[in-house]
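*Asks:*
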Amino acid sequence: MKDISDHEQIIIGLDVGTTGVKVLAANPYGDTIAVAENTYTLSEPEQGYREQDPDEILQMTEKTLQEVLDQLDKPVAAICFGAAMHSLIAVDKQGKPLTKAIIWADVRSAAYAKSLRETPLGKQIYEASGAPVHAMLPLCKIAWLRDHQPDIFRKAHKFISIKEYCIVQWCGQYVVDYAIAGASGLWNKTTMQWNEQALAWAKINTTQLSDLVAPTYPLGCPHFTSFSHRNITDNTSLVIGASDGCLANLNASGLNEEEATLTLGTSGAIRITAKNTMPDPAMRIFDYHLTKQYHVIGGPTNNGGIVLDWLKQKLYPDISDTSLILQKAQAIAPGAEGLVCVPYFFGERAPLWREDVSGQFSGVQSHHHRDHFARAALEGVVFNLYGIAEALQSASSSIIRGLWTDGGMTRSTFISQLIADVFNLPVYHSASTHGVARGAVLLGAYALRIINVEQVTSEKKQVFLPDPASHQLLANAYKGFATLRDALA
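End of the sequence shown sits at 489 in the numbering used here; the numbers just go up one at a time, nothing left out.
This is the structure we're talking about:
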């Protein structure tokens, strides 16, 4: 039975993502009280570079937090922090940025990742950290800074993520949770310490990294040094939280090992929560900590909704509304009448982890037109996620029996049904649209010992069941996709 006083407490979840920040105030069971969100800019100063201004993100996070706090009529019990993975900022001794935030999509260090990936050290780093070797890793970005911006490398007091940067500005502490640390390539998930072999390769030491703490760690700084509000008091706990992927899973499927969470926005991912995991010999998937007992394993794809944007720009310049493109693709029969696409238009992470891989169409015939190409490309996006799911199940004892979906692309009934038909599994939409932020609320409530995290569930708003006839057509098409993908590998 829920304790009334606990039920009435307010917990805030922060979701500092790639394109913007969302802040959710809710009760400890995730029921929304207030919400606000804002966006910030992403720059591409050179081909392959993806950067953001850490101070802009900090200011926008504070602005959004204040907008939520202003809507509340009493103090909050806790604030729990979720953030995107793989960002890197070099800071000086005063905590001032020496670089922009180099985000997950930045591939300037691709040559470093490629040279490391297939070596014995690269495999040791993967097995130790759970993070496949790729240009997204702070490990590779630090090595790139060492050789290409040596002055900044020498001046760097710490190498931190955007989440750590916000915490330093608020609390003056250099700390990082296991989930964010695991996504750096610098951590050892067995010893729960920094990986000395990885640090030696990057030519840094542990003093240049933050202290490692559990995702439930209370920072003990309710009065932020750069931010204050009447609804933040001495009794407010700031919980460090976890990564966006881990929190999205907690929000949707909880700790249910038989239900995966599939995110499909600009990029995409599929993840499951599991107790028993093992390294994938093919190094296709990641393995990050959510709690001491539970890991979130999965694989991200670069090519999610960005493929729809590519279709709009290249094949449908006459159509401004992408929902019309989805309608046209839906009108083509499953399997796109023999046209198959491996949609690696922007390189790829899982399952290949190759920054330089290219996309392909195969089976082009004279009767195919742009709607067939759209259908094949979108099927390819889902086929790739299905291939990642195959790797997930081989790296754990889990059997996936259902999928929770989130992200902008899954708001399309066509895409949600396509996922159900490809996976031959029921697809669930959560009643909450605040995935990562609600996951942060639940983790914060768990840190305060208000809820049992093992009993977390999400309400199903909508269910899509697979169509047997469509599944059969798509299963045949997937065989062609897998042949092309494996040839690229």
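Glycine included, C-beta positions come from ideal geometry on N, C-alpha and C.
Here the structure is a predicted model, which is why all the values come from computation and not from measurement.
What residue range does the beta strand (DSSP E) around Leu-212 cover?
*Replies:* From DSSP, the beta strand (DSSP E) with Leu-212 extends over 211-213.
*Asks:* Nearest to Trp-201 by alpha carbon, out of Thr-191, Thr-216, Gly-185, Leu-212?
*Replies:* Of Thr-191, Thr-216, Gly-185, Leu-212, the residue nearest in Cα terms is Gly-185.
*Asks:* Candidates Arg-438, Val-21, Phe-383, Asp-244: which alpha carbon is nearest Gly-82's?
*Replies:* Comparing Cα positions, the closest option is Asp-244.
*Asks:* Could you check if Ser-366 is buried or exposed, using at least 16 other CB atoms within 10 Å of its CB as the buried criterion?
*Replies:* Exposed, because fewer than 16 other Cβ atoms sit within 10 Å of the Cβ of Ser-366.
*Asks:* Pull up the distance between the alpha-carbon of Lys-2 and that of Ile-180, whole angstroms please.
*Replies:* Annotation note: pLDDT 44 at Lys-2 (below 50); position unreliable, no value reported.
*Asks:* Verify whether the separation of the beta carbon atoms of Ala-447 and Ala-77 is less than 8 angstroms.
*Replies:* Going by C-beta atoms, Ala-447 is not nearer than 8 angstroms to Ala-77.
*Asks:* Is Gly-265 close to the ligand GDP? I mean its beta-carbon at under 7 angstroms from any heavy atom of the ligand.
*Replies:* For the ligand GDP, the structure offers nothing, since it holds no ligand at all.
*Asks:* Which same chain residues end up closer than 8 angstroms to Ser-412 when comparing Cβ atoms and leaving out the 5 residues on each side of it in sequence?
*Replies:* The answer, listed in chain order, is Ser-323, Leu-326.
*Asks:* Classify Arg-449 as helix, strand or coil using the three-state DSSP reduction.
*Replies:* If DSSP states are grouped into helix, strand and coil, Arg-449 belongs with coil.
*Asks:* Between which two residues does the alpha helix (DSSP H) holding Trp-353 run?
*Replies:* Premise fails: Trp-353 is in no alpha helix (DSSP H) and is neither H nor E.
*Asks:* State the DSSP-derived secondary structure class of Cys-80, mapped to helix, strand or coil.
*Replies:* Of the three classes helix, strand and coil, the one that applies to Cys-80 here is strand, per DSSP.
*Asks:* Return the bridge partner residues of Cys-341 from the DSSP annotation.
*Replies:* According to DSSP, Cys-341 bridges with Phe-361.
*Asks:* Go ahead and pull the three-state DSSP assignment for His-134.
*Replies:* In the structure shown, His-134 sits in coil (DSSP, three-state: anything other than H, G, I, E or B).
*Asks:* Please classify Gly-304: is it buried, with 16 or more other beta-carbons within 10 angstroms of its beta-carbon, or exposed?
*Replies:* Buried, because 16 or more other Cβ atoms sit within 10 Å of the Cβ of Gly-304.
*Asks:* With H, G and I counted as helix, E and B as strand and the rest as coil, what does DSSP make of Val-107?
*Replies:* Val-107: coil per DSSP, three-state reduction.
*Asks:* When burial is assigned at 16 or more other CB atoms within 10 Å of the CB, is Ser-43 buried or exposed?
*Replies:* The residue in question, Ser-43, is exposed, as its Cβ has fewer than 16 Cβ neighbours within 10 Å.
*Asks:* Since Thr-457 contacts Leu-262 with CB under 8 angstroms, what's their CB separation in whole angstroms?
*Replies:* Incorrect: roughly 18 angstroms between the Cβ atoms, too far for contact.
*Asks:* Which value, in whole angstroms, describes the spacing of the CA atoms of Leu-488 and Pro-343?
*Replies:* Approximately 12 angstroms, taken between the alpha carbons.
*Asks:* CA-CA distance, Leu-139 and Leu-425?
*Replies:* One C-alpha to the other measures close to 37 angstroms.
*Asks:* According to the Cβ coordinates, are Met-60 and Tyr-29 closer than 8 angstroms?
*Replies:* Not a contact, by the Cβ cut-off of 8 angstroms.
*Asks:* Are three or more beta carbon pairs between the region 380-395 and the region 263-279 nearer than 8 angstroms?
*Replies:* Flag = yes, the region 380-395 and the region 263-279 touch.
*Asks:* In or out: Ile-4 buried (at least 16 other Cβ within 10 Å) or exposed?
*Replies:* Low confidence applies to Ile-4: its pLDDT is 46, below 50, so where it sits in the model is not reliable enough to give any reading.
*Asks:* Which ranges would you report for the beta strand (DSSP E) in the region 205-267 if only whole runs of at least 3 residues count?
*Replies:* Runs of the beta strand (DSSP E) inside the region 205-267: 211-213, 237-243, 259-264.
*Asks:* Measure the Cβ-Cβ separation of Ile-451 and Ala-350 and say whether it is below 8 angstroms.
*Replies:* Their beta carbons are not under 8 angstroms apart, which means Ile-451 does not touch Ala-350 by this criterion.
*Asks:* Hey, is the region 112-131 in contact with the region 45-64, meaning 3+ C-beta pairs nearer than 8 angstroms?
*Replies:* In short, these stretches do not touch, since the Cβ pair count stays below three.
*Asks:* From which residue to which residue does the alpha helix (DSSP H) around Tyr-492 run?
*Replies:* Residue 492 falls outside the range modelled here, since the chain spans only 1 to 489, and no answer is possible.
*Asks:* At which residues does the alpha helix (DSSP H) containing Pro-54 begin and terminate?
*Replies:* Here the alpha helix (DSSP H) through Pro-54 covers 54-69.
*Asks:* With DSSP collapsed to three states, give me the class of Leu-484.
*Replies:* DSSP places Leu-484 in helix when its eight states are reduced to three.
*Asks:* In this structure, does DSSP put Arg-50 in helix, strand or coil?
*Replies:* Three-state DSSP puts Arg-50 in coil, outside helix and strand.
*Asks:* Kindly identify the DSSP beta-bridge partner or partners of Ile-160.
*Replies:* Its beta-bridge partners are Ile-89.
*Asks:* Determine the DSSP secondary structure at Val-21, reduced to helix, strand or coil.
*Replies:* Of the three classes helix, strand and coil, the one that applies to Val-21 here is strand, per DSSP.
*Asks:* Residue range of the alpha helix (DSSP H) that Leu-324 falls in?
*Replies:* Unbroken alpha helix (DSSP H) run through Leu-324: 322-330.
*Asks:* For the alpha helix (DSSP H) that Pro-426 lies in, which residues bound it at each end?
*Replies:* Looking at the DSSP string, Pro-426 is not in any alpha helix (DSSP H), and its letter there is neither H nor E.
*Asks:* Given this structure, state the Cα-to-Cα distance separating Arg-154 from Ser-470, to the nearest angstrom.
*Replies:* If I take the Cα positions, the gap works out to 58 angstroms.
*Asks:* By how many angstroms is the C-alpha of Val-381 removed from the C-alpha of Val-364?
*Replies:* Each residue's alpha carbon lies about 18 angstroms from the other.
*Asks:* Assign Thr-483 to buried or exposed, taking buried as 16 or more other Cβ atoms, counted over all protein chains shown, within 10 Å of its Cβ.
*Replies:* With fewer than 16 Cβ atoms within 10 Å of its Cβ, Thr-483 is classed as exposed.
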